[in-house]
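Colleague: To start, I am sharing the structure in question, which I have written as structure tokens.
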Amino acid sequence: MTSEITLFVNPTAGRGRGARAAQPAASALRAAGFSVRTVLGEDAEDALARARAAVEGGTGALIAVGGDGMANLALRAVAGTGTPLGLVAVGTGNDFARALGLPVREPAAAGRMIADALKCGRLRDIDLGQVGDRWFGTVLASGFDSRVNDRGNRMRWPSGRFKYDLAMIAELAAFRPVPYRIRLDDGEIREVEATLIAVGNGSSYGGGMRICPGADLTDGLFDITVVGDCDRTTLLRVFPRVYRGTHVEHPQVTVVRAARVEIAAAGITGYADGEPLGPLPLSARCVRGGVRVVGP
């Protein structure tokens with residue numbers, strides 16, 4: 001592996017933590033003997049083009065500095081290339097970094113761990129989700145949770161996670177279950193009234209909510225969590241259990257596993273790794289060994 005590696009930096013992640021985190025991470029990597037080049041972009045598409053150029057130029061690894069959105073952008077540059085991906089997680093959710101066992105909001109520690117892993121060859125291939133030409137590492141969300149995202153993204157105040165808490169309260173007031181149509185890879189079609197459907201390559205989203213607690217990044221399958229027709233009282237009682245992953249024990253929650261799934265519902269946007277994919281219907285497939293990652 002070449003000693004030249006690339007830091008892929010989002011300067012706005014975590015209210016500026018991305019820019020501040022790049023320096024200690026780069027220092028840790030340089031102290032380990034790596035030559036570090038930093039890639040910034042004027043916008044997401046420009047940054048992606050620069051990251052892809054670095055990968056095509058033979059960089060030894062692409063290290064994304066930011067949150068889950070930055071990790072998702074980096075996946076678009078490295079998926080299927082064999083170029084290792086590392087994460088210096090300084091965003092709001094950081095679920096992909098947690099899934100890989102990397103430090104969260106500790107850029108120097110993450111830099112040291114990544115440097116050590118690269119030098120010792122601790123690399124592994126993990127699965128990715130793919131929808132069209134888009135990739136995701138954690139969860140494709142749809143339903144109540146994606147409506148909270150929709151509302152939160154429209155709110156200009158407050159900032160940070162608090163606005164999504166307010167958005168959730170507002171969505172609860174207007175909440176109604178949604179008629180879904182699900183097609184699995186064996187051809188089975190299910191029509192259900194559901195609160196939400198989450199397609200998990202990884203186990204968590206939203207900063208540690210273990211919506212698909214049994215998801216395995218290396219089994220070639222999605223864990224698809226279906227939260228059925230719940231009233232508000234039931235939803236409020238079940239939802240806090242998602243942080244422990246015990247919500248799947250509730251009778252209104254079912255989990256199925258499949259390598260491919262299509263979900264359809266009217267008026268619902270799909271989000272993957274917290275980024276909007278577009279309106280349903282969406283078809284996702286689990287790509288076994290879709291990306292090589294750096295980690296413990």
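225 is the number that full-length UniProt numbering gives to position 225 of the sequence shown; each next residue is one higher, with no gaps.
The beta-carbon is built from N, C-alpha and C at its ideal position, and this holds for glycine as well.
What residues in its chain sit with their C-beta under 7 Å from that of Gly-80, if we drop five residues either side in the sequence?
Modeller: Numbered from 1 along the sequence shown, position 80 holds the residue referred to as residue 80. Answer for Gly-80: Gly-290, listed in chain order.
Colleague: Quick check: the stretch 223 to 242 against the stretch 112 to 124, are there 3 or more CB pairs under 8 Å?
Modeller: no
Colleague: Let me know the secondary structure DSSP gives Val-65 once reduced to three states.
Modeller: Taking the first residue of the sequence shown as 1, we reach residue 65 at position 65. DSSP places Val-65 within a strand segment (E or B) once states are collapsed to three.
Colleague: Extract the residue ranges of the beta strand (DSSP E) inside the stretch 36 to 101, only unbroken runs of 3 or more that lie entirely within it.
Modeller: 62 to 66 and 85 to 89
Colleague: Expressed to the nearest angstrom, what Euclidean distance is found between the alpha-carbon atoms of Tyr-180 and Glu-193?
Modeller: The count along the sequence shown starts at 1 and reaches residue 180 at position 180. The count along the sequence shown starts at 1 and reaches residue 193 at position 193. C-alpha separation (whole angstroms): 6 Å.
Colleague: Per DSSP, Thr-269 forms a beta bridge with which residues?
Modeller: The count along the sequence shown starts at 1 and reaches residue 269 at position 269. BP columns for Thr-269 point to Pro-279.
Colleague: Could you check the C-alpha separation between Ala-109 and Gly-208 for me, to the nearest Å?
Modeller: As a working mapping, residue 109 is identified with position 109 in the sequence shown. As a working mapping, residue 208 is identified with position 208 in the sequence shown. Taking the straight line from one Cα to the other gives about 20 Å.
Colleague: Output yes or no for whether 9 Å exceeds the beta carbon distance between Ser-146 and Tyr-243.
Modeller: In the sequence shown, the residue the question calls residue 146 occupies position 146. In the sequence shown, the residue the question calls residue 243 occupies position 243. Contact flag unset, no.
Colleague: Three-state secondary structure (DSSP) at Phe-8?
Modeller: Here residue 8 refers to the residue found at position 8 of the sequence shown. Three-state DSSP puts Phe-8 in a strand.
Colleague: Quick one: using the 10 Å Cβ neighbour count with 16 as the cut-off for buried, is Pro-84 buried or exposed?
Modeller: Stepping through the sequence shown from its first residue, residue 84 is reached at position 84. Pro-84 sits buried, since 16 or more C-beta atoms from the chains shown fall within 10 Å of its C-beta.
Colleague: Which residues share a DSSP beta bridge with Gln-130?
Modeller: Residue numbering aside, residue 130 sits at position 130 when the sequence shown is read from its first letter. Trp-135 and Arg-285.
Colleague: Can you tell me whether DSSP reads Phe-222 as helix, strand or coil?
Modeller: Residue mapping note: residue 222 aligns to position 222 of the sequence shown, counting from 1. Strand at Phe-222.
Colleague: Let me check one thing: in DSSP terms, what residues is Tyr-180 bridge-paired to?
Modeller: Translated into positions along the sequence shown, residue 180 becomes position 180. DSSP lists Val-192 as partners of Tyr-180.
Colleague: Going by other Cβ atoms of all chains shown within 10 Å of its Cβ, with 16 needed for buried, is Asn-10 buried or exposed?
Modeller: One-based indexing of the sequence shown puts residue 10 at position 10. Burial call: buried.
Colleague: Pull the bridge partners of Arg-260 from the DSSP assignment, please.
Modeller: Locating residue 260 in the sequence shown gives position 260, counting from the first residue. Bridge partners of Arg-260: Arg-285.
Colleague: For a quick check, are the C-beta atoms of Arg-124 and Thr-218 less than 9 Å apart?
Modeller: Walking along the sequence shown from the start, residue 124 turns up at place 124. Walking along the sequence shown from the start, residue 218 turns up at place 218. Yes.
Colleague: Look up Ala-174 in the DSSP assignment and say whether it is helix, strand or coil.
Modeller: Along the sequence shown, read from residue 1 onward, the residue named residue 174 stands at position 174. Coil.
Colleague: Below 8 Å, can you find three or more Cβ-Cβ pairs linking the stretch 187 to 202 to the stretch 133 to 152?
Modeller: yes
Colleague: Please state whether DSSP places Arg-122 in a helix, a strand or coil.
Modeller: Position 122 of the sequence shown, counting from 1, holds the residue named residue 122. The DSSP-derived three-state label of Arg-122 is coil.
Colleague: Beta carbon of Thr-225, beta carbon of Thr-269: below 9 Å?
Modeller: One-based indexing of the sequence shown puts residue 225 at position 225. One-based indexing of the sequence shown puts residue 269 at position 269. Taking 9 Å as the Cβ cut-off, Thr-225 and Thr-269 do not qualify as a contacting pair.
Colleague: Give me the DSSP bridge partner(s) of Gly-143.
Modeller: Position 143 of the sequence shown holds residue 143. Paired residues: Leu-196.
Colleague: Return the CA-CA distance between residue 306 and Arg-76, expressed in angstroms with no decimal places.
Modeller: Nothing about residue 306 can be reported from this structure: the residues present for the chain run from 1 to 296 only.
Colleague: Do you know how far the Cα of Arg-183 is from the Cα of Val-88?
Modeller: Position 88 of the sequence shown, counted from the first residue, corresponds to residue 88. Position 183 of the sequence shown, counted from the first residue, corresponds to residue 183. Cα-Cα distance, rounded: 36 Å.
Colleague: When the Cα atoms are used, what is the spatial distance from Arg-260 to Val-294?
Modeller: Position 260 of the sequence shown, counting from 1, holds the residue named residue 260. Position 294 of the sequence shown, counting from 1, holds the residue named residue 294. As the crow flies, the alpha-carbon of Arg-260 is around 26 Å from that of Val-294.
Colleague: Where do the ends of the alpha helix (DSSP H) carrying Arg-237 lie?
Modeller: Looking up residue 237 in the sequence shown gives position 237. Start and end: 232 to 238.
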